[in-house]
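K.L.:
In my numbering, the protein residues as written are 1403 to 1581.
(1) What would DSSP say about residue 1517, mapped onto helix, strand or coil?
(2) To test your reading of the DSSP string, which unbroken beta strand (DSSP E) runs of 3 or more residues are found completely within the segment 1489-1566?
(3) How far does the beta strand (DSSP E) with residue 1412 in it extend, from its first residue to its last?
(4) By a C-beta neighbour count over all protein chains shown, 10 Å radius and 16 as the cutoff for buried, is residue 1506 buried or exposed?
(5) Cα separation between residue 1525 and residue 1581?
(6) What does residue 1442 pair with, by DSSP beta-bridge criteria?
(7) From residue 1517 to residue 1534, what does the alpha carbon distance come to, in whole angstroms?
(8) Find out if the Cβ-Cβ distance for the pair residue 1493, residue 1447 is shorter than 9 Å.
(9) Are the beta-carbon atoms of residue 1458 and residue 1422 separated by less than 9 Å?
(10) Apart from the five residues just before and just after residue 1440, which ones in its own chain have a Cβ nearer than 8 Å to its Cβ?
(11) Would you mind giving the Cβ-Cβ distance between residue 1491 and residue 1475, rounded to the nearest angstrom? I have them listed as a contact below 8 Å.
(12) So residue 1487 is in the alpha helix (DSSP H); what residue range does that whole segment cover?
(13) What first and last residue would you give for the alpha helix (DSSP H) that runs through residue 1574?
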């Protein structure tokens, strides 16, 4: 654990886990957070969960279950959480999985050997099957079956002349050849 990282509350880190500068692993609201062996939590990553108790009343909708145990967030073995990604429970990330830079994982279960592309948003609740991929920049709103690639992004559209019409006289318009 780097001195500039924060790991607080009910958190278990497996063997040979790396937690980088500015990473935050917060097990301070309810059920436990588990990060498996040989996993890495890179710079700026946030791992956190929803409250799993209200008073003495358990909130099972805010938990995941693995091998009969309940967790707010469960990260498997040999998982890489790339820079500035966020895993917010309830969430489960399977073994040998990569979560790309600035990806958002919330109320999601991800299988083993999965690749989540950079800047992917998994819009809850979603399941990503074993061996699946998501394309970078996707917004995933439906389950991704095992071995599939989920692509959820709109086709780019360039509106020519927009700056000159909508921002006349601006520095951008002048740079684009307008007055």
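Glycine included, C-beta positions come from ideal geometry on N, C-alpha and C. From a predicted model like this one, the values you see are computed outputs, not experimental measurements.
P.N.:
Based on what the coordinates show:
(1) strand
(2) 1506-1512 and 1528-1530
(3) Counting along the chain, residue 1412 falls outside any beta strand (DSSP E), and DSSP gives it neither H nor E.
(4) buried
(5) 43 Å
(6) 1420 and 1482
(7) 7 Å
(8) no
(9) no
(10) 1416, 1417, 1418, 1419, 1479 and 1480
(11) 4 Å
(12) It is not in any alpha helix (DSSP H) - residue 1487 carries neither H nor E in the DSSP assignment.
(13) 1573-1577
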